[in-house]
Each structure stands twice: as structure tokens, then as C-alpha cells.
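**Student:** What the sequence shown shows, in the numbering used here, is residues 447 to 735, in sequence order.
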Amino acid sequence: MVNNPLRKQLHEENRLSWNEATKAHNSHKGNQAKFFQNGGNTLFPEEIELLGDITGLSVVHLQCNAGQDSLSLSRLGAVVTGVDISDEAISFAKKLSQETGITVTFYRADIFDWLEETAQKNEQVDIVFCSYGAVCWISDISLWAKGIALILKHGGRLVLIEFHPVAMMFDSDWSHKFPYFREGQPLTWEEGISDYVAASSEGLTLSEYETGIENFQNPYRSHEFQWSISEIVTALLQAGLSLEVLQEYPYSNGCKLFERMREATGRRWIPPDDVPNLPLMYGIVAHKP
Ligand SMILES: C[S@@+](CC[C@H](N)C(=O)[O-])C[C@H]1O[C@@H](n2cnc3c(N)ncnc32)[C@H](O)[C@@H]1O
């Protein structure tokens, strides 16, 4: 297993890129407070099933972005903390929490700092949750897994639902462009984080799609770190967690990952007819014995 150095400088560049992208993303999502005030919940059935009953449990939502899923976890009865590196995302999340009266504690931090500080304070939680587009920003998968293991109570669980690294081998036109085995080497996008919410239209909005910011150009580049399924699972096992569930899904939730994808029911996207099926998402549940 290859260990990468923690690349804090690249995380900081990602913070700038996420700040800009988050503004564009939220500009398409309409009145989000109203969505929650009307009883809305942004979680998909897949993560609700992996989470199980979370009533009364402490849940840390790592890389929570603008907090919509964190509020939704709280709505399911959990005591929720959300952590994200983006200033824009966390200030939006705090405002959404205030406007809706749905209580979540939000912290703006690099998760590596937050995990270390939380472990030093001997604070532990029942569930660590992360989802959809989180692991590709992790520059050291081994340290990430160890940090999660340290803040879980015995019997506590990591619940992860993610886009599959196999899907990340393809360019937007489905051509096989990127290697599967990257061992977390940084992949730099000079154009930064895109307005993928605009590309996914109602797949990623809470109600009707709003035009919002048009022709978004991100002034800040971004850096991703791809990890294979075996690198992710091995990191969790080496951190002392026991694997309970490893599941793969032939569709993507919310995000239209590639051109010509077809929208299925429940805000899911499936490949076009001429593309044989492939794993587009995976789910992991691992507990601390
Ligand atoms: C695709 S979003 C995740 C969205 C999430 N599924 C949700 O609930 O909305 C990825 C998030 O990771 C955050 N991020 C990237 N690197 C990070 C780091 N080192 N520490 C904390 N957050 C980070 C970004 O700011 C961004 O909000």
C-alpha cells in the first residue's frame, strides 16, 4: 500500500476552488430553507439503508459542503456535526440551520485537523458519515482511515457512499481516459471545480432548477486524489475497522456523471443503451470492534 504525504497546500487550493463552486451550485437550488420547512430531506434511499436507524445517535458528517445532508441527518433524529474546509459552504450551512431551526453544529476545518483535534479531546461518536464526492479530496487515505477510527466509539460505524473509482476512469464522453491505479497521486484540474449542479439540472436541486449563475468559470484550480476500492478497504482494515457492507451500484445518485446519461426515477442517472453496465457508486459500512 502506497502512502502519500498529507498535502495541506493542495487542500488549501481546493478550499478556494470549492468556495467559488459552492456559490454557483447553491445559485441553482432555489429556496432551500423553504424545502426543509416543508419537511424535505435530501438523503437518498441507499444511504438511509446503510445508516439504519440513527435516532439519538451522534453523527459526524465529514465534508458536509453546504449542509443539506447534515440537516437531513438531523431530521432523522441524529445529533449531527458537519465539517467542511470551504468557508462559503459552512457559512451557507450555518445560515440554513438558523433559518430552518434544524440544529446541526458546523465547523469550518480541514478534516485532517478536525479529526486530530477531536481525537486529542477524546471525543467519540456513534457514526462517521461521508458521501458523494468526498474521498477524491483525501490526500492520505491511510491517515484518513486512522483519524476516523480514532473518533469512533467501540461499536461505532463509518458509513460511506461514494462515486465508484471505476467510473472516475472515464472522460465525460465515456472514453477511457484516466488510469484506475493512481495511488492517490494528485490530479490537477486547471479549470477547478465545475458547476456540475447545472449539468445535473434537477438531479441535484431540491426543487425546480433555477438558472442562477450562468457560464460559471472557476478562477481556482483543484486537485483530486483517486484511490482504488482495495486501497480504501485496506486503509479501513489497517485502521482497525471491520468491514460489514461493501456494495456496488450500477447508477449514480443526483449527479449526471457523463454525457448522454438517462434520468431514472428518484433522481438517479443510468448509462445510455450503448454503454454496458459498470459500477458507478459503492457503499461501505465498517465498524470499530
Ligand atoms: C462533493 S462535496 C461533498 C458533498 C456532500 N456529499 C454533501 O453532503 O453535500 C466535497 C466537499 O469536500 C470538501 N473538502 C474537500 N477537501 C476537504 C478537506 N481536506 N477537509 C474538509 N473538507 C474538504 C469541499 O469543500 C466540499 O464541500
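Beta carbons are placed, not taken as given, at the ideal position from N, Cα and C, and that holds for glycine.
Since the structure is predicted, the reported quantities are computational estimates derived from the model, not experimental observations.
Between the C-alpha atoms of Tyr695 and Asn661, what's the straight-line distance to the nearest angstrom?
**Tutor:** Cα to Cα, Tyr695 sits roughly 32 Å from Asn661.
**Student:** Does Asp499 pass the burial test, meaning 16 or more other C-beta atoms within 10 Å, or should it be called exposed?
**Tutor:** Looking at its Cβ environment, which holds fewer than 16 other Cβ atoms inside 10 Å, Asp499 is exposed.
**Student:** Could you name each continuous alpha helix (DSSP H) segment of 4 residues or more that falls completely within the stretch 552–605, going from the start of the chain to the end?
**Tutor:** 557–566 and 587–597, all fully within the stretch 552–605.
**Student:** Taking all protein chains shown into account, decide if Arg708 is buried (16 or more other Cβ within 10 angstroms of its Cβ) or exposed.
**Tutor:** Looking at its Cβ environment, which holds fewer than 16 other Cβ atoms inside 10 Å, Arg708 is exposed.
**Student:** Is any heavy atom of ligand 1 found at a distance shorter than 8 Å from the C-beta of Gln672?
**Tutor:** Result no, Cβ not under 8 Å from ligand 1.
**Student:** Bridge partners for Glu670 per DSSP, in chain order?
**Tutor:** Per DSSP, Leu633.
**Student:** Could you please give me the residues that DSSP links to Met727 through a beta bridge?
**Tutor:** Partner(s): Phe609 and Tyr695.
**Student:** Run the proximity test for Asn487: is its beta-carbon closer than 8 Å to any non-hydrogen atom belonging to ligand 1?
**Tutor:** No, since every heavy atom of ligand 1 falls outside the 8 Å radius drawn around the Cβ of Asn487.
**Student:** Which residues share a DSSP beta bridge with His507?
**Tutor:** Bridge partners of His507: Gly528 and Phe575.
**Student:** Can you have a look at Thr549 and say buried or exposed, based on whether 16 or more other CB atoms are within 10 angstroms of its CB?
**Tutor:** Exposed.
**Student:** Specify the secondary structure class of Arg706 as computed by DSSP and reduced to three states.
**Tutor:** It is coil, neither helix nor strand.
**Student:** Here's the rule I'm using: 16 or more other beta-carbon atoms within 10 Å means buried, otherwise exposed. How should Asn460 be labelled?
**Tutor:** It is buried - the Cβ of Asn460 has at least 16 other Cβ atoms within 10 Å.
**Student:** So for Val448, helix, strand or coil by DSSP?
**Tutor:** Here Val448 scores only 48 on pLDDT, less than 50, and its place in the model should not be relied on; the value that follows carries that caveat. The answer is coil: DSSP assigns Val448 none of H, G, I, E or B.
**Student:** Could you pull the start and end residues of the beta strand (DSSP E) that Arg628 belongs to?
**Tutor:** Premise fails: Arg628 is in no beta strand (DSSP E) and is neither H nor E.
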